[in-house]
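Protein chains: 6
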Amino acid sequence: MIIDAHAHLVAPDSLYAYRANLLADGGYHGGKAKVSDDDLTAAAANNIATMDGVGTDVQLISPRPYHQGHSMRPARLVHDWISANNDVIARTVELHPTRFAGVAGLPITPGNPVSDAFDELHRTVEDLGFVGVTVNPDPSEGTATGPAMDDRYWFPLYGKLVELDVPMQIHSAGCYSGRETYSEHFVTEESIAILSMLRGNVFEHFPTLRVMISHGGGSVPYQLGRWQAEQLHPLLGGGPEATPFEEKLKHFYFDTVLHYPLALELLLKTVGPEQTLFGTERPGSGSTTNPATGAPFDDLKPVIEAMDFLSADARTAIFEGNARKVFPRLKL
Amino acid sequence: MIIDAHAHLVAPDSLYAYRANLLADGGYHGGKAKVSDDDLTAAAANNIATMDGVGTDVQLISPRPYHQGHSMRPARLVHDWISANNDVIARTVELHPTRFAGVAGLPITPGNPVSDAFDELHRTVEDLGFVGVTVNPDPSEGTATGPAMDDRYWFPLYGKLVELDVPMQIHSAGCYSGRETYSEHFVTEESIAILSMLRGNVFEHFPTLRVMISHGGGSVPYQLGRWQAEQLHPLLGGGPEATPFEEKLKHFYFDTVLHYPLALELLLKTVGPEQTLFGTERPGSGSTTNPATGAPFDDLKPVIEAMDFLSADARTAIFEGNARKVFPRLKL
Amino acid sequence: MIIDAHAHLVAPDSLYAYRANLLADGGYHGGKAKVSDDDLTAAAANNIATMDGVGTDVQLISPRPYHQGHSMRPARLVHDWISANNDVIARTVELHPTRFAGVAGLPITPGNPVSDAFDELHRTVEDLGFVGVTVNPDPSEGTATGPAMDDRYWFPLYGKLVELDVPMQIHSAGCYSGRETYSEHFVTEESIAILSMLRGNVFEHFPTLRVMISHGGGSVPYQLGRWQAEQLHPLLGGGPEATPFEEKLKHFYFDTVLHYPLALELLLKTVGPEQTLFGTERPGSGSTTNPATGAPFDDLKPVIEAMDFLSADARTAIFEGNARKVFPRLKL
Amino acid sequence: MIIDAHAHLVAPDSLYAYRANLLADGGYHGGKAKVSDDDLTAAAANNIATMDGVGTDVQLISPRPYHQGHSMRPARLVHDWISANNDVIARTVELHPTRFAGVAGLPITPGNPVSDAFDELHRTVEDLGFVGVTVNPDPSEGTATGPAMDDRYWFPLYGKLVELDVPMQIHSAGCYSGRETYSEHFVTEESIAILSMLRGNVFEHFPTLRVMISHGGGSVPYQLGRWQAEQLHPLLGGGPEATPFEEKLKHFYFDTVLHYPLALELLLKTVGPEQTLFGTERPGSGSTTNPATGAPFDDLKPVIEAMDFLSADARTAIFEGNARKVFPRLKL
Amino acid sequence: MIIDAHAHLVAPDSLYAYRANLLADGGYHGGKAKVSDDDLTAAAANNIATMDGVGTDVQLISPRPYHQGHSMRPARLVHDWISANNDVIARTVELHPTRFAGVAGLPITPGNPVSDAFDELHRTVEDLGFVGVTVNPDPSEGTATGPAMDDRYWFPLYGKLVELDVPMQIHSAGCYSGRETYSEHFVTEESIAILSMLRGNVFEHFPTLRVMISHGGGSVPYQLGRWQAEQLHPLLGGGPEATPFEEKLKHFYFDTVLHYPLALELLLKTVGPEQTLFGTERPGSGSTTNPATGAPFDDLKPVIEAMDFLSADARTAIFEGNARKVFPRLKL
Amino acid sequence: MIIDAHAHLVAPDSLYAYRANLLADGGYHGGKAKVSDDDLTAAAANNIATMDGVGTDVQLISPRPYHQGHSMRPARLVHDWISANNDVIARTVELHPTRFAGVAGLPITPGNPVSDAFDELHRTVEDLGFVGVTVNPDPSEGTATGPAMDDRYWFPLYGKLVELDVPMQIHSAGCYSGRETYSEHFVTEESIAILSMLRGNVFEHFPTLRVMISHGGGSVPYQLGRWQAEQLHPLLGGGPEATPFEEKLKHFYFDTVLHYPLALELLLKTVGPEQTLFGTERPGSGSTTNPATGAPFDDLKPVIEAMDFLSADARTAIFEGNARKVFPRLKL
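Protein chains in written order, with the numbering used here: chain A, 1 to 332; chain B, 333 to 664; chain C, 665 to 996; chain D, 997 to 1328; chain E, 1329 to 1660; chain F, 1661 to 1992.
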């Protein structure tokens, strides 16, 4: 079975028109998103076709990240909006229960406690059967002001995830600094998430917390040597007795959303197939034809199948086994 | 000849005590750094020994980046401090004129025009014989508020560098967001610099501008596929007729400061040996022993020599030729 | 002919999904709104039916006010978004050229000169044939920080409108103070616009400027006595020789968007039928059934026809003549 | 008996010089206002003459609103200043106990809990015999940043007023936004107070709270149809089953401070004579001659007496009965 | 003749009530202060009696400093208010032309150019015959944010004063930091004014500028040794060749407003009688009885007369001659 | 025995280079200052020689004030840095236990509770044997925003000092307002400290708190008459029954760090020899030759010895006895 562990909701315009309306009226109109069954059925069918085209059996779908809007004001708009996304995901799963499973967005908002998202966390996981959550490590969406992920701010969330036996996918949302696009910010924030969680020894407090980093880990596998050296450097607070960085890195899982085969190879050789989950973010920014191959950049299954340094078991783990391990609530 | 294109000043405590004093007195005491000849001679000799130990003939040395302090207030402290660094570099070069060449720090400060740094640029290049400059793309040092490098803010600097035929090395300095260490911020800012300059088509305005990105290009070579795909994606402002990302990337030069051989290999295979300059940042954060090899992480010469996919010419270009091309004022 | 001088665009979800996307991606995706011909044709037909239902021949349509979003950041999003609205209005007019005329939204944004909107003003009036513009007197959308409409800030706009012989309709947009809904803020801002323009003697500088105040003038006709008295009060900067307030008020035109007959009567008796234009904002917040009448609150034609203190000429002026006088570019 | 339920303190310069001094010295001088008995006696006699001139028997007097200065910093200046006003009111009442009763100002200040005003509330009502309080719904005086009156912030005050059986008069104070005069802001804030208290269902929590809105209710009676329609509109969070707006509006009392007879008529026909209290704000901004009548704008008794749609009982209720009902502590 | 070079306006309550009104209404009422001739005549007579009681012939009177309010917002209030003060000073001088001369307040406001005060400067000096100006070195009134007096900000004022041959008296106004009273801030700001003007070498640019420092020079004469030493200290930017501090200090004039004889003696021995002007600030904070002497603290004439280290000429210079030299426009 | 109660650490460059590094790396490197024994021994020997040269037996040494950096961000840098200073002081005392005693710096930082410094207070006094603490009354270092020393903010510190029987020396640190140098700010803050503690009656709550004001009390002894008069002035919150200011001033101790003999004489005559401690701040800003005497400005012993108005007992108290009284933990 081919499980794509990193995919997003395909939704009709009516969902996004609802977001525009929330922003325009400041939440005054109240009410819910009005996504018709017809529109949603069409959107889901479209997605199934996309999956079939590349041989994906199951997608774990979360809200479209750059549309999460965690920094919208007032914060209750974020709650309404994220819930609306999760609702449409739930309906999509219901339409195709053998092809989709839900990964919930969480209404974590700047300046408010992370526990504000717990009602939605319980609702999605316990009531709606979602199998994971996606967490934006920068709810401020580009102001460089919030707490990094080793800050005590986040600990109640980690505890709750451990309690529910649910993994979190790290994926930032929008970026309004004017310096990076949201897509570039994804990479930045994935790197910061890994490095800050290791720097702050989060896994000493939550040894069973499971974290999947999107897009092959940002810059970290590529810059591995830098962090290996600093970890051991006596002038930088390290030392030869320190746990090697590459060992600490095993606390994380990584998806394969790297549209460049050389990079994907580096990832797999660096963190190992046992820490890597097949993911494509398809349809998404990679869904355009690579002139060099004639295939879409995000058609990664053949890329992985062509890697002969991987054993058959390794491939199975990547395509299916690791997803089952990380997302035990997935019952397909 | 082995030219290390990315190295930093080794200076005695008295230089840094001067910085502490500037910060303490707000510049009121006036005066200059007091770095004695004896102390400097000892520090330089130490560095020469470090170079000899790994077979480096020449180092291009710039101020120690995390110590540049571009966000210090008031801005004139930055001017005093950067000049003091450049002065000590000039004295170091004078002590060993066949072993060092200077790469100048620039006093670019948040909220002030980039032209405030031109006096120091002229002084170092024209009076003191420096062969390049190092530019911090984030003088705000972590507040995510300044203009990215495609902003018109930077254009006068680019024009001046072209006029002086001097390259710039991209290297951020401190980081006070509380989210990243300065070292992690290096990687973030290198990525932003590449992506923003390409997004903003800076090289259409300055086709002969030469830019060397530190630390192997941050995250960009690793995340190449993402940017290739977006460049061609019609829904993301791109299209099939767009110049391929990998081609645009040839506008940059990269150093080899990647302490992880697999990453260095990916870099060389991605941007090509003709765009890569030997650099080690040694002594620096990589100057600790890699338990896997018994050698320092930043002893990169044998790593490159061991890469059999590189031709002899490619190696020479990396070790010497590219540096001479990028830094034509280097006359050693 | 019955001309409804205050009506808004009826547009499909795809237009508002575009807004949501602009906000999410910060403008990075570029591109235009994707409103299909089919969707637009359906929306327009729906609106025609609504007009036919209450006997309206022609509507002057502007962007839906609370959706204008003048305070969105960065400001270029406002330009993209307002233009998209005006484009859809132009397409709607093209579909039914005898039933609609366009009133343009303007991308006036907080902290930027009003002249930033002139390109769009020229485009809509001169290229697309719009007959008026709608102006938000509070582009900051509820922060109480921008210049009131007697401030020199606005004068270039007034000059341009006079030059183009185009009226402006005063209508605020969103409100994010948390104290008022956007709808309540409409009333507040209409009142401030009238009072500040008279306080600042704007019409001494622009005697031929034509201004239509929405919703029957906010609170001003009702609070008339207060302003009459203050105008004449020596301790409040006034005096018996001052121009009476009710006379100064004749500089403005008012629409009839008051869903309460007693209020509409007060308006007409206070400012006179010669200053009043038929307007309904239908379909809009008044499009619900008034249990007392069984008709929609915004079906105002019978209300006016029932007012026996109005002469036939007065009625004709209200329904058609005044609109032709205020909007001379209207050629239907 | 003619009771003017909306009138303000007439005080000598020495009271206001005290305010100037407080502001100048930041409260450092300490001490109390120095209002001499002679000056106060003269001021009060002047006011009695003004009342006699228009046939008013009793005035309920509160601090002059635009002089309340709730946004002065530091907040203790507000306490000193409001107490000084209340003291002078108490002395005025003592001079003419059959002609005046006190309505207390409250030192509610931005950013501080409303309970900071409770000491002064108790002092004025219980020790000094005041019969009501005046509340500024915008202590920030024009920054649009404070909580609207449905916010939990205000609930302790409402509870205390219910407990003391004391009504509150809504009347804003200064306005420093640069967009409105304080007098224009009165109207804005009265409207916001009504609409926010109804939106937030304050009277469900405090069914016996009595609130008198100044100046005939701001814009609300005039814009009644707008709020009726929105209340019933399914797309705006309403519906046909909602309590009609005009019914909810009966929770408020209104004064007659509308210097325009048509408007006063609209008020009385809209909210009913049983919800309306005679009030003139005389002497105040209406105390200038209306050229159309030769009488002062604020001489409202003959205006009301001339309204033949009012029964004799209705008139008595307006002039006296309603005031006794709303202000039960008034014992004259 | 005994000339008191540091005295302030004695004005009736009506002037300060005007300030309170300006602050309350934000300047909307317009109009002027209403200070009646009777009240002013009484206030002036009172002051003459105070002068006669201690043998003062002439007072140079300026606005009461702590009441200047330079940080009031919006800035036009400061203009109205300072002008009102200067007007009352002019009227007082007119009442007693042989006993008073005017020293003008200037409407210098935070964030605005110093030239905003030039109209008032010309009006008071050229039209109204004022003989000097009083300048608040901290128009921000306690926020520690404005430019010190060596900043180029102030240079246009210095040029204008030199051009008009008018001296300036340094005297701060209010203080709202919550750390100092306004009176304590006077001392702080006098010290900063002296030290910053000398540090910045203002007198090299304006050698004929005449500056009188209030209250005996703040802390500077007492702390003289500190500044003498720093001026000569090579590690503090000084050196043995520097102009001695005590010599540079001769650029300033000082008044005698020190209510402590030992301090006054130190002043006179430190800066010399030729730099010292008789001043008492009477009536003011020193106008209370010193239990040790039975005389008011601010009755300084006998104190100076009792100093036997002063020659008769020195005394005459202090009491009269220096004032004539510093204020040449004084023609009494 | 001659005890110099106000002296500062003499430390090698390596200590200050550590501070520069802390600021540069944001504390990320961790680690401790690296001050070698050789360097420290040399620095201490140098200081002993300086003491011997002027006959000082014992110095109480605290961190160099302008280098304390209380406003550094993040606050933990201040903790690291102040501890490093105290450590070097402890090592210096250990080198010359008969010549030095420690006065501890405290890591009090803006916006954080004063109790954050208690760990370091206990460590230095109880573990390391320090005899006093130095307190910066303006940890914000020049922003005029923190609480003055009569604010409840400081009370836990006062309580702790009383409990430990340890005095505090008032001495500000840096100043970054751009208006004053740090050295000028010393004087400002000493004055504010005295005046605010007396205004707020701190000694009524902590009658046994012992406070030594640096630099002869800032401006207060010189401006004594001003505060005497205000204390007794009924219009300024005072009165004839108030405790005389000069009596309240006896709550403080003063050092003799006034490099101007006339000023030192004024101090001693004003506060009395029983409140004065010999102090020189040598080596410091006064360590340059006074051309008038040929001796260093800070060689104050002969100055005091030459004052014939002092009795022998008074001199002994100043040189030794008062120090023993104020610093009872001093056991030399």
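Each residue gets a CB set at the ideal place from its N, CA and C atoms; glycine is no exception.
Predicted model only: the values in this text are computed from it and were never measured.
Starting from residue i, find everything on chain B with Cβ-Cβ shorter than 9 Å and list it in chain order.
i: E:LEU1526; result: None at all; the shortest Cβ gap to chain B is about 13 Å.
By the 10 Å Cβ neighbour count, where 16 or more other Cβ atoms means buried, how is residue i classified, buried or exposed?
i: D:LYS1297; result: buried
i: E:THR1604; result: buried
i: C:LYS912; result: buried
i: F:HIS1782; result: exposed
i: F:ARG1859; result: buried
i: D:THR1105; result: buried
i: A:SER214; result: buried
i: D:PHE1323; result: buried
i: D:PRO1109; result: exposed
Using a C-beta to C-beta distance shorter than 7 Å, which residues of chain F count as neighbours of residue i?
i: B:ASP345; result: ASP1673, SER1674, ALA1677
I want to verify the contact list: residues of chain B whose CB lies under 7 Å from the CB of residue i, in sequence order.
i: C:HIS693; result: LEU567, LEU568, GLY569
i: A:GLN275; result: By Cβ distance, chain B contributes nothing, its closest Cβ being about 16 Å from A:GLN275, past 7 Å.
Measuring only the C-alpha atoms, how far is residue i from residue j?
i: C:LYS995; j: C:THR798; result: 19 Å
i: B:THR540; j: B:PHE487; result: 13 Å
i: C:GLU929; j: D:LEU1262; result: 10 Å
i: B:GLU562; j: C:ALA671; result: 41 Å
Residue i versus chain D: which residues are under 8 Å apart at the beta carbon?
i: E:THR1509; result: ASP1021, GLY1022, TYR1024
List, in chain order, every chain C residue whose beta-carbon is nearer than 9 Å to that of residue i.
i: D:GLY1138; result: ALA808
So which residues of chain A does residue i contact, with C-beta pairs closer than 9 Å?
i: B:HIS402; result: None at all; the shortest Cβ gap to chain A is about 16 Å.
Residues of chain A with CB under 7 Å from residue i, in chain order?
i: B:THR620; result: ALA229, LEU232, HIS233
I'd like to know if the stretch 946-965 of chain C and the stretch 791-805 of chain C are in contact, where contact means that at least 3 CB-CB pairs between them fall below 8 Å.
Of all C-beta pairs linking the stretch 946-965 of chain C to the stretch 791-805 of chain C, fewer than three are shorter than 8 Å, placing the two stretches out of contact.
Alpha helix (DSSP H) segments (min. 4 residues) lying fully within the stretch 1767-1804 of chain F
Within the stretch 1767-1804 of chain F, the complete alpha helix (DSSP H) segments of 4 residues or longer fall at 1778-1782, listed in chain order.
Quick check: the stretch 1895-1903 of chain F against the stretch 1565-1577 of chain E, are there 3 or more CB pairs under 8 Å?
No contact exists between the stretch 1895-1903 of chain F and the stretch 1565-1577 of chain E.
What runs of the beta strand (DSSP E), each 3 residues or longer, lie entirely inside the stretch 1856-1942 of chain F?
Annotation note: the stretch 1856-1942 of chain F contains the following uninterrupted beta strand (DSSP E) runs of length 3 or greater, listed N- to C-terminal: 1871-1873, 1912-1915.
As an exercise, report each continuous alpha helix (DSSP H) stretch of at least 4 residues that is fully enclosed by the stretch 1619-1649 of chain E, in chain order.
DSSP runs (the alpha helix (DSSP H)) wholly in the stretch 1619-1649 of chain E: 1629-1633, 1640-1644.
Counting pairs of beta carbons, one from the stretch 1890-1899 of chain F and one from the stretch 1014-1033 of chain D, are three or more of them closer than 8 Å?
They touch, by the three-pair rule.
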